[in-house]
Structures are given as structure tokens and as C-alpha cells.
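Structure first, then comments.
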Amino acid sequence: MTLLESRITNLYRNFQVDEIGRVISVGDGIACVYGLKEIQAGEMVEFANGVKGIALNLENENVGIVIFGSDTAIKEGDLVKHTGSIVDVLAGKAILGHVVNALGVPIDGRGALSNHERRRVKVKALGIIERKSMHEPMQTGLKAVDNLVPIGRAIAIDTILNQKQMNSRATSKSETLYFEILSEANALEYSILVATTASDPAPLQFLAPYSRCAMGECFCDNGMHALIIYDDLRNRHFPSDVFYLYSHLLEKAAKQSNQTGAGSLITLTIIETQVGDVSCYIPTNVISITDGQICLETCAW
């Protein structure tokens, strides 16, 4: 091969073509983009200023992008590039003991992560064949709960602390207000805190529960036992009348069969009621999905 042929071959070998779209409108955290014809549903995109988003609404000519950040710096005509990857988050043992945001990026100032895995945020839940009947109790450490309402293999902060005594490698996702409690009890080393605040964009608050689930599934798929605590889904911009959002999230809790790893993923969903009323949309949705409920009244404590 001549020198000229070699250079021509290397030129095409190193050549990469990226499909680029343009913003035609933006507002309320949603951008309408033209030109991304090869994009997939749920794919991550990147705007010219570095802000990321997810493609949700695929139309014939345009794509609706939910923006994971402020939309003030995004304007009509800006370029948008699709990344080719479905939205995923950091997962695995490397992020145990860290406080992360909804995208799995550490926000506790303890440095970057290494040797981590990545997990897709939205994957299909296990089918019936891959599951196994619940036969192992999870000790919460609360005698009233363990004796009267036993939980299969997994109540919020006390349960996380008690897992240290049980030597169970459970994972928990909760709010940053639990950070000091877990640190003082040396329970943070086997927990992950996925934190969002009221000042975060609505899409990130919506994504946070799914990110927690993806991190828990990573341990479950590796034959370990994971515990997820959802602290009031009403604060996560979940529409109360869209039943699918709750079922799609909570049905991922499972006890795997021996053939699929024998791991388990337990979810505890905390719902705050108004004056003890459990007949409104969200409590009834969650009750119809979950295996059991514990109703507590503040006047009794």
C-alpha cells in the first residue's frame, strides 16, 4: 500500500459523522428540535451550552426534548447533538457512601468516581418466570413492624441504620437531610443518597426515583439485596392521575429466582396523607400496586 493510499484509508477510518438538530422553540423546560431524524425515544441529547436533555416526544419532523437543567441559556437556533445512548446513571459499589444527583453525579465534594458501572434508567421489569415467591423476611429492627406486619426481605431511616447490625448490603436512597444521621451511625458506607431539591429543574426531580431504582437494580442483578425508600412521590412532579408512572416504578421491586441471581429489590414508599385520608389519588394508586401497607397517625406518637 502506498503512502497516499494509507493516508486516505486512515482519513475515512477516523471520520465521524454526528447528526445535528436545531432548536425551533423552547420554554418551560421543553425544547422542540428539528433535524434529529435518527434519534431514539429516551435518548440523551446535548445542547450547545453543555446542558443535557432526554428525547421523549418523537414526531414526524420534530422532537420534544425535556431539559435537565436551566433553559434560560438555550435559544432558538441553537445546535443539539444526540449522543446515541439511552439515559443512564452511575451505579455499583463505587457510589456507596456518596450523595449524588438524579443523573448519578456526586455532589458531596468527595471527588470523582472510578470503577463504576452505568445502568439504564428505564428498563423492563422482571417477568413472572424470573421472579420467586417471597420467603425471606427483612428485619427492619422495629419490633412492632417485624412482629405484626412482616416485610419480605425490607421503615425509613431506622431501617437503614438497623441493616448495619444485620450485616445486609442494602442500598437506600433518601434525602440529603439524612446525611448527618447516617454518617454518625456509620451507616452511610452501604447507602446511596439520591438528592434533589425544590430548586432543581422539574425533569430532574421527576427522574430521581427512576435513578434510585436503576442503582438498586444494579445490586439486585448481582445477587445482592437492595432496599429503596421513596420519600413521598407527590414531591417528584408525578401527576396524581397517571397510574402508569407509579406502577412502572414500583413493579420493579422483586425477589429474583435462583436462576437469575437470587437477588432482591425491596421498595418502601412513604406517602403523606392529609388528615389521615387514604382515599385520594396517590395513596389509592400506591395501595393498589404494593403488597401491604402500614398506616400511621401522628396523634398516636
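With the first letter of the sequence shown counted as 1, position 144 gets the number 144 in the UniProt record's numbering; the numbers rise by one all the way through.
From the three backbone atoms N, C-alpha and C, an ideal C-beta is built for every residue, glycine too.
* **Residue range of the alpha helix (DSSP H) that includes T284** => Y281 to I289
* Count the other C-beta atoms from every protein chain shown that fall within 10 angstroms of the C-beta of C295, then say buried if there are 16 or more, exposed otherwise. => exposed
* Check I95 in the structure and name its three-state DSSP category. => Three-state result, I95: helix.
* **Span of the alpha helix (DSSP H), counted from its first residue to its last, around L227** => Note, L227: premise wrong, no alpha helix (DSSP H); beta strand (DSSP E) at H225 to D231.
* **Simplified DSSP assignment, three categories, for V145** => Residue state for V145 is assigned as helix, using DSSP reduced to three classes.
* Assigned exposure category for I65 - 16 Cβ within 10 Å defines buried -> buried
* Asked: Are the C-beta atoms of M224 and some chain B residue less than 7 angstroms apart?
  -> Of the protein chains in the structure, only one exists, and it is not chain B.
* Use the C-beta contact count for L161: other C-beta atoms within 10 angstroms, 16 or more gives buried, fewer gives exposed. => With a pLDDT of 42 at L161, under the threshold of 50, the modelled position of this residue cannot be trusted; read the value that follows with caution. By the 10 Å Cβ count, L161 comes out buried.
* Asked: Skipping 5 residues on each side, what residues in its chain have a beta carbon closer than 7 angstroms to that of L3?
  -> none
* Can you list, in chain order, the residues of its chain whose CB lies under 8 angstroms from that of A94, leaving out five sequence neighbours each side? -> Spatial neighbours of A94 in its own chain (CB-CB distance under 8 angstroms, excluding positions within 5 residues in sequence) are listed in chain order as L113, S114, N115, H116 and E117.
* Asked: Going by the CB atoms, is the gap between Y34 and I20 shorter than 7 angstroms?
  -> No, these two residues do not count as a Cβ contact at 7 angstroms.
* Beta-carbon proximity check, M215 vs G263, cutoff 7 angstroms -> Contact: no.
* **Simplified DSSP state of A170, which is helix, strand or coil** => Interpretation of A170 is limited by its pLDDT of 39, a score under 50 that renders its predicted location unreliable; the figure taken from the coordinates is listed afterwards. Coil, per DSSP.
* Asked: CB-CB under 8 angstroms to E61, same chain, minus the five flanking residues each way: which ones, in chain order?
  -> Y34
* To do: Please name the residue in A208, L103, K255 and I270 whose C-alpha comes closest to that of E136.
  => Minimum Cα distance to E136 is reached at K255.
* Express the C-alpha separation of T260 and G27 in angstroms, rounding to a whole number. => 44 angstroms
* Asked: Can L188 and G109 be called in contact, C-beta distance under 7 angstroms?
  -> no
* Would you mind stating whether residue 302 and R22 have Cβ atoms separated by less than 7 angstroms? => Outside the shown range of the chain, which is 1 to 301, sits residue 302, and nothing can be said about it.
* Apart from the five residues on each side of it in sequence, which residues of its chain come closer than 8 angstroms, Cβ to Cβ, to I289? -> Y246, S247, L250 and E251
* If D88 sits next to A31, beta carbons under 8 angstroms apart, how far is it from one beta carbon to the other, in whole angstroms? -> That belief does not hold up - the Cβ atoms of D88 and A31 are roughly 21 angstroms apart, past 8 angstroms.
* Pick from P106, R120, E38 and V123 that is closest to K81, judged by C-alpha positions -> E38
* Where Y244 falls, given that 16 or more other Cβ within 10 Å makes a residue buried -> exposed
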